[in-house]
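Residue numbers (our numbering): 21 to 126. Step one of this worksheet: look at the structure below.
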Amino acid sequence: MAKDPNQELIIVELDGKKVGTFQLTFIQYLTHKGGLRAQVEAVRIHSDYRGQGIGSKMFEYIKEQAKQKGCNMIQLTTDKQRPEALRFYESLGYVASHQGMKLKLL
């Protein structure tokens, strides 16, 4: 990832402790006349640090980076079994828009 300008792996530290992480990927897409989107994955905040605004600050950074790159949208995925994460993303203005699927190979 270090050599790919379209990939960022961010680790958030507070008082010398790793408290959060996320992956940000910039992807060209073809639908709707094409463009660039920001894909957010692997969002995690240590349970001891939730509710302190760290997640909101992470998503402010994500939004700013997406704007600077000229993205048309930010897309993220989360597990259906994480209702608290869904509520958090909705509080930031994200809207459920797709049904995702995956196929495990290993």
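Ideal placement from N, C-alpha and C gives every residue a C-beta, glycine not left out.
When DSSP states are grouped into helix, strand and coil, Q95 belongs to the strand group. For R107, the uninterrupted alpha helix (DSSP H) segment begins and ends at P103 to S111. At the C-beta level, I82 and A116 stay beyond 8 angstroms of one another.
The Cβ-Cβ distance between N26 and F42 does not fall below 8 angstroms. Taking each of K89, A62, D68 and C91 in turn and checking the Cα distance to M78, the smallest one comes out for A62. With a cutoff of 8 angstroms on beta-carbon distance, V39 and I94 are scored as not near each other. When DSSP states are grouped into helix, strand and coil, G36 belongs to the coil group. For H118 and L34, the gap between their C-alpha atoms comes out near 34 angstroms.
Annotated as distal: L125 and N92, with beta-carbon spacing of 8 angstroms or more. A straight-line Cα-Cα distance of about 11 angstroms links R102 and R64.
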